[in-house]
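Down below is the structure, laid out as structure tokens.
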Amino acid sequence: MNDPGADLEQSICAALRGAPVVGPVSNAHEHARRLHECAAYHGVGPLLSRCFRDAPPAGLPTAQALKGEAAIELIRKREIVQVLDALAQSGVEPLLLKGTALAHWLYPSPVLRPRADTDILIRDGDRKITDGVLSDLGYE
33 MNDPGADLEQ SICAALRGAP VVGPVSNAHE HARRLHECAA YHGVGPLLSR
83 CFRDAPPAGL PTAQALKGEA AIELIRKREI VQVLDALAQS GVEPLLLKGT
133 ALAHWLYPSP VLRPRADTDI LIRDGDRKIT DGVLSDLGYE
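Per the numbering used here, residue 33 is the first one in the sequence shown, and the count goes up by one each step.
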């Protein structure tokens, strides 16, 4: 018996590679919804939507959904730049890690890399300065 989750994951992998994705014709809308849920769970929802931007299956979020992500990315970028500038002015040299670093380094657009926070690495001796800078910017 096939694992339906594994089938969805294989379909997502195929789409991300640019291969055709074939789903059930009888319940295409439900299949597309489950495909999107699985992609979102794995953090590749925007990438999957981008793969189908010209002809999305019924039920799969389209470029319209990416517009919301783009608006969030504009706010996120403004905040990141503000924090990095303030830290630099205080002599702190942070290193961006994980999601944000990957979004700007490996993805065609940072919008395509979902994330909920930004991780930075600082020197142990910069903790007090960093706490002050972030507090001054309104972060808790």
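We treat Cβ as the ideally placed atom computed from N, Cα and C, and that holds for glycine.
Pick out whichever of the options has its Cα sitting closest to the Cα of residue i.
i      : options                          : result
Gly75  : Cys45, Glu62 and Gly123          : Cys45
Leu164 : Leu119, Leu40 and Asp151         : A small correction: the amino acid at residue 164 is Gly; Leu does not occupy that position in the sequence shown. Nearest of Leu119, Leu40 and Asp151 to Gly164, Cα basis: Leu119.
Leu127 : His61, Ala71 and Asp158          : Asp158
Gln121 : Ala72, Gln42, Gly170 and Leu166  : Leu166
Asp168 : Asp117, Asp156 and Ala64         : Asp117
Ala38  : Cys70, Leu106, Gly170 and Arg108 : Cys70
Looking only at its chain, what residues have a beta carbon closer than 6 Å to the beta carbon of residue i, apart from the 5 residues adjacent to it on each side?
i      : result
Glu125 : none
Lys130 : Asp151
Counting along the chain, where does the alpha helix (DSSP H) carrying residue i start and finish?
i      : result
Asp163 : Arg159 to Asp168
Leu138 : That residue, Leu138, is in no alpha helix (DSSP H); it is neither H nor E in DSSP.
Leu80  : Gly77 to Cys83
Short of 7 Å in beta carbon distance, which residues of its chain neighbour residue i, apart from the five on each side in sequence? Order them along the chain.
i      : result
Thr162 : Leu119, Val124 and Ile154
Leu145 : Correcting the residue type first, residue 145 is Arg in the shown sequence and not Leu. Around Arg145: Gly131, Leu134, Ala135 and Tyr139.
Ala102 : Val143
Glu105 : Pro142 and Val143
Check this for me: beta carbons of residue i and residue j, under 8 Å apart or not?
i      : j      : result
Leu48  : Arg66  : no
Pro142 : Ala135 : yes
I'd like the span of the beta strand (DSSP E) that includes residue i, first residue to last.
i      : result
Asp151 : Asp151 to Leu153
Leu129 : Leu127 to Leu129
Can we say the stretch 102 to 117 touches the stretch 70 to 80, given the rule of at least three CB pairs closer than 8 Å?
no
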